[in-house]
Amino acid sequence: MCGALSSTKEVTMSASQLRDLVPPARGLRSHYVAAITEESIGQEVTICGWINKVREQGKQLIFLDVRDHTGVIQCVLPHQEGLRTEFVVAIKAEVAQRPDGTENENLASGRVELRNCTVEVLNAAEPLPFPLSDRLEVDESTRLRYRYLDIRRASMQRNLRIRSRVNAAIRRSMDQQGFVEVETPLLWTPTPEGAREFVVPSRLQTGQAYVLPQSPQIAKQLLMVGGIDRYYQIARCLRDEDLRADRQFEFTQLDLEASFVGQEDIMNFISHAMASVVEDVRGINLPEVGEITWRDAMDRFGSDKPERRFTTELIDLSKIFASTSVRALSAPTVKALVAPEPEKLSRSRLDQLIDRAKELGGKGLLWLKVIRNETGLSVESPVAKFFSESEISEVLSATQATEGDIVLIVADEWEQAVKILGQIRLDLGRHLVDGAVLDFFWVVDFPLFEGHDEHGNLLSAHHPFTMPNLEDIELLESDPLSVRSQSYDLVLNGWELGSGSIRIHRRDIQEKIFRVLGISEEDAQDRFGFLLNAFRFGAPPHGGFAFGIDRLTSILAGEDTIREVIAFPKTQSGADLMTGAPKPLPPTTWSQLGLTPRPQSPRSS
RNA sequence: GGACCUGUGGUGCAGCUUGGAGUGCACGCCGGCCUGUCAAGCCGGAGGUCGCGGGUUCAAAUCCCGUCAGGUCCGCCA
3 MCGALSSTKE
13 VTMSASQLRD
23 LVPPARGLRS
33 HYVAAITEES
43 IGQEVTICGW
53 INKVREQGKQ
63 LIFLDVRDHT
73 GVIQCVLPHQ
83 EGLRTEFVVA
93 IKAEVAQRPD
103 GTENENLASG
113 RVELRNCTVE
123 VLNAAEPLPF
133 PLSDRLEVDE
143 STRLRYRYLD
153 IRRASMQRNL
163 RIRSRVNAAI
173 RRSMDQQGFV
183 EVETPLLWTP
193 TPEGAREFVV
203 PSRLQTGQAY
213 VLPQSPQIAK
223 QLLMVGGIDR
233 YYQIARCLRD
243 EDLRADRQFE
253 FTQLDLEASF
263 VGQEDIMNFI
273 SHAMASVVED
283 VRGINLPEVG
293 EITWRDAMDR
303 FGSDKPERRF
313 TTELIDLSKI
323 FASTSVRALS
333 APTVKALVAP
343 EPEKLSRSRL
353 DQLIDRAKEL
363 GGKGLLWLKV
373 IRNETGLSVE
383 SPVAKFFSES
393 EISEVLSATQ
403 ATEGDIVLIV
413 ADEWEQAVKI
423 LGQIRLDLGR
433 HLVDGAVLDF
443 FWVVDFPLFE
453 GHDEHGNLLS
463 AHHPFTMPNL
473 EDIELLESDP
483 LSVRSQSYDL
493 VLNGWELGSG
503 SIRIHRRDIQ
513 EKIFRVLGIS
523 EEDAQDRFGF
533 LLNAFRFGAP
543 PHGGFAFGID
553 RLTSILAGED
563 TIREVIAFPK
573 TQSGADLMTG
583 APKPLPPTTW
593 SQLGLTPRPQ
603 SPRSS
């Protein structure tokens, strides 16, 4: 999608705010277009940019719309051959008031025009392969093939400039809060667990490889041992995982870590940065960022990153069906959702929802349509006949559903049930939200562990250095799955912007955690010995956070995918359509690395 | 690894269900006209391997199979 006319985009940056961004002109130009106003009438100016449109009006009159990144202005000149769209020009001219009745209110510069123009063509241009107008939709692969042209479009200009301001606001906030920007290596070593990493074979030591960091996690903890106290970095992270609308191989995080502080302090640091960004980009004061516990988020919204901008919540029916004879509902947890816009749920749409529930790993989904008959409210459903009278009336009272409503029900293990219904809640309601609203909040009290691996060992929910909640430390051996961690996520509009935790700095607790994770001492030494060694020499208590700047920027820009806020993104299959990367390498390059590629990959054959 | 959607002059679409000549619309491009246009207008013109390969058929953009590319999602992403 590249439509730039949605309301969210208009609230992002007004014309007057844009004008504030216009830098002083230098070089060939005396003015940026947005700096030319009615106050400039009578002045001589030189503007530089691209011809946006040529309107020939006969032999004696041509209108040229000239564009720079700040705006478009009309130039009036007598007939002149050889001017075409997207030619690069410098125009020396006089600013004049437009004649009465010819003002254009759709143009910021529409009350003035340039006259007595001297047009210098700095460079010609062939006709473009696609129109640059934001009003016209263009296939994304075409845009990516000619990304340098796509970037000329107003929406990309705006998005990349918003991104720059996001970065600047973050740096300002971090600086104010006493954080030190430290760069960490890109060519590094594998980190424990987590995402698949990109590998860079070593030429000097063939057979060995560096790994590109999925995040600077370990590095920043080492900086705490090094006494940096408050570190941050706008860091590129690389993960060799499948791409999505909100995921690229390489993405950018604000990464920070601080010593001698607790969870609330870290959350305050981040909230300060967010407030700084929102104030800069949206011009509004961010209200205090609220909190919700993980348990609460899952129970009410079926997600650890709830979209709260529409109010439909999951309703617990487990008690009603605790001893039911409806076989599909005999499960530990029974959750219900009163569908928004039930009139849109045709029989076939409901069948799709059942398939969706199965796709999400569930056994299915029941639906009850609430109808009115002689005796009052009742339900219509393929499974209605299995329900007892009292079950139906209890469901109706628990859900407050009325005539015409459709109640969707999922029964399963608690986490499975809420997740499935939570996703369906999103599928049905996501389009109902007000795009201009920013709903920031913290999710806290995550569990320390999530389930077991194939060997029966516990799995870290965050990472193995996450500090348990000290109140729960006794439960580590007896009931580990109920141990809460000192970790926290920041959620914005149903997207997980980022997460963080207080780290373990005490050896005894770390050993205990490794034990329940099934990581032996040798194992630990082998995988992250350098970190454990560092911790032997006086590691301060510390914790940190990281959040995705691509996601934050795309939300602030009102875009649906992070590709819209990345200058040169890759496609879902990891290709760069402009350069053709990834490409085959010449045999000598492989052999220098001590590698032999498999003769033919399915892709290149 | 899997599911679904899309692929038609430079761009965006329609045509596909129900097979019958590359048929249509809008934008752009080229030429002409036009002295106040601004999504300019009017007239004329050029531009196509219907993603690719195979099959069915007298006949395929259309039906079937495969494949490639792009997208959305599941798995994956501590």
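Heads up: the first sequence begins at 3 in the numbering used here, then just goes up one per residue. C-beta atoms are modelled at their ideal positions from N, C-alpha and C, and glycine is treated no differently.
| said: At the level of alpha carbons, what is the spacing between arginine 433 and isoleucine 504? | reply: Checking the displayed sequence, the identity of residue 433 turns out to be histidine instead of arginine. In a straight line, the C-alpha of histidine 433 is about 36 Å away from that of isoleucine 504.
| said: Between histidine 507 and histidine 544, how many whole angstroms is the CB-CB distance? I'm expecting something under 8 Å. | reply: Rounded to whole angstroms, the Cβ separation of histidine 507 and histidine 544 is 6 Å, and the two are in contact under 8 Å.
| query | Looking at the structure shown, is alanine 17 part of a helix, part of a strand, or coil, going by DSSP? | reply | Confidence in alanine 17 is poor, its pLDDT being 49 and thus under 50, which makes the residue's placement unreliable; the coordinate value appears in the next sentence. DSSP places alanine 17 in helix when its eight states are reduced to three.
| message | Just to confirm, is the Cβ distance from aspartate 282 to arginine 160 under 7 Å? | response | Taking 7 Å as the cut-off, the Cβ atoms of aspartate 282 and arginine 160 do not count as close.
| request: Take glycine 264 as the anchor and find which of Thr377, Ser487 and Leu519 has the nearest alpha-carbon. | output: For glycine 264, the nearest C-alpha among the options comes from Ser487.
| said: Looking at the secondary structure, which residues open and close the alpha helix (DSSP H) in which leucine 162 lies? | reply: Judged by DSSP secondary structure, leucine 162 falls within the alpha helix (DSSP H) whose first and last residues are 156-178.
| task | Name the residue from Thr87, Pro26, Leu258 and Asp67 whose alpha carbon lies nearest to the alpha carbon of leucine 109. | result | When only C-alpha atoms are compared, the closest one is Asp67.
| request: Let me know the beta strand (DSSP E) ranges lying completely inside the region 10-83, each 3 residues or longer, listed in chain order. | output: For the region 10-83, whole beta strand (DSSP E) runs of length 3 or above, ordered along the chain, are 46-58, 64-70 and 73-79.
| field | Rounded separation between phenylalanine 448 and arginine 297 - CA only | value | Straight-line Cα distance between these residues: approximately 8 Å.
| field | Ordered list of alpha helix (DSSP H) runs contained in the region 236-322, each at least 4 residues | value | List check, alpha helix (DSSP H) in window: 265-284 and 296-303.
| Nonlocal neighbours in the same chain, by C-beta distance under 8 Å from serine 593, ignoring five residues either side | If we look at serine 593 and ignore the five residues flanking it on each side, it has no Cβ neighbours.
| request: Can you grab the Cα-Cα spacing for the pair serine 217 / glycine 550, in whole Å? | output: Glycine 550 has its alpha-carbon roughly 11 Å from the corresponding atom of serine 217.
| request: Could you spell out the range, first to last residue, of the beta strand (DSSP E) harbouring glycine 99? | output: Per the sequence shown, the amino acid found at residue 99 is glutamine instead of glycine. Start and end: 90-99.
| query | Under the three-state reduction of DSSP, which class applies to leucine 387: helix, strand or coil? | reply | Here the sequence assigns lysine to residue 387, which means leucine is not the residue at that position. Helix, per DSSP.
| field | Pair within 7 Å by beta-carbon distance, valine 518 and tyrosine 490 | value | No. Outside cutoff.
| task | With a floor of 4 residues, list each alpha helix (DSSP H) that falls wholly inside the region 441-495, ordered by position along the chain. | result | Within the region 441-495, the runs of alpha helix (DSSP H) at least 4 residues long that lie entirely inside it are, in chain order, 477-480.
| query | Going by the beta-carbon positions, is the gap between serine 273 and valine 291 smaller than 7 Å? | reply | With contacts defined as CB atoms closer than 7 Å, serine 273 and valine 291 qualify as a contacting pair.
| In whole angstroms, what separates the C-alpha of leucine 316 from that of leucine 240? | Rounded to the nearest angstrom, the two C-alpha atoms are 36 Å apart.
| request: Report the three-state DSSP secondary structure of isoleucine 564 (helix, strand or coil). | output: In this structure, isoleucine 564 counts as helix in the three-state DSSP scheme.
| query | For proline 203, which three-state DSSP category applies? | reply | Of the three classes helix, strand and coil, the one that applies to proline 203 here is strand, per DSSP.
| CA nearest to the CA of leucine 116, picked from Glu361, Thr39, Lys61 and Gln82 | Ranking the options by Cα distance to leucine 116, first place goes to Thr39.
| request: Along the beta strand (DSSP E) that carries lysine 337, what are the first and last residues, could you check? | output: From DSSP, the beta strand (DSSP E) with lysine 337 extends over 335-340.
| request: Taking glutamine 527 and leucine 534 to be in contact with their CB atoms under 8 Å, please state how far apart those CB atoms are, rounded to whole angstroms. | output: Contact annotation, glutamine 527 with leucine 534: C-beta distance approximately 7 Å; criterion of less than 8 Å satisfied.
| query | Among Ser320, Leu370, Ala330 and Ala95, which residue has its Cα nearest to the Cα of alanine 341? | reply | Of the listed residues, the one whose Cα sits closest to alanine 341 is Leu370.
| query | From this set, Glu566, Ser399 and Pro542, which residue's C-alpha is nearest glutamate 259's C-alpha? | reply | Selected option, being the one with the closest Cα: Pro542.
| request: Give the range of the alpha helix (DSSP H) segment to which tryptophan 592 is assigned. | output: For tryptophan 592, the uninterrupted alpha helix (DSSP H) segment begins and ends at 589-594.
| task | Would you mind giving the Cβ-Cβ distance between threonine 48 and arginine 31, rounded to the nearest angstrom? I have them listed as a contact below 8 Å. | result | Rounded to the nearest angstrom, the Cβ distance from threonine 48 to arginine 31 is 5 Å, consistent with a contact under 8 Å.
| said: Using DSSP's beta-bridge definition, name the partner residues of lysine 371. | reply: As a beta-bridge residue in DSSP terms, lysine 371 pairs with Glu382 and Ile408.
| query | Does the beta-carbon distance from glycine 520 to asparagine 471 come in below 7 Å? | reply | Not closer than 7 Å, so no.
| request: Return helix, strand or coil for valine 123, following the three-state DSSP convention. | output: Correct three-state label for valine 123: strand.
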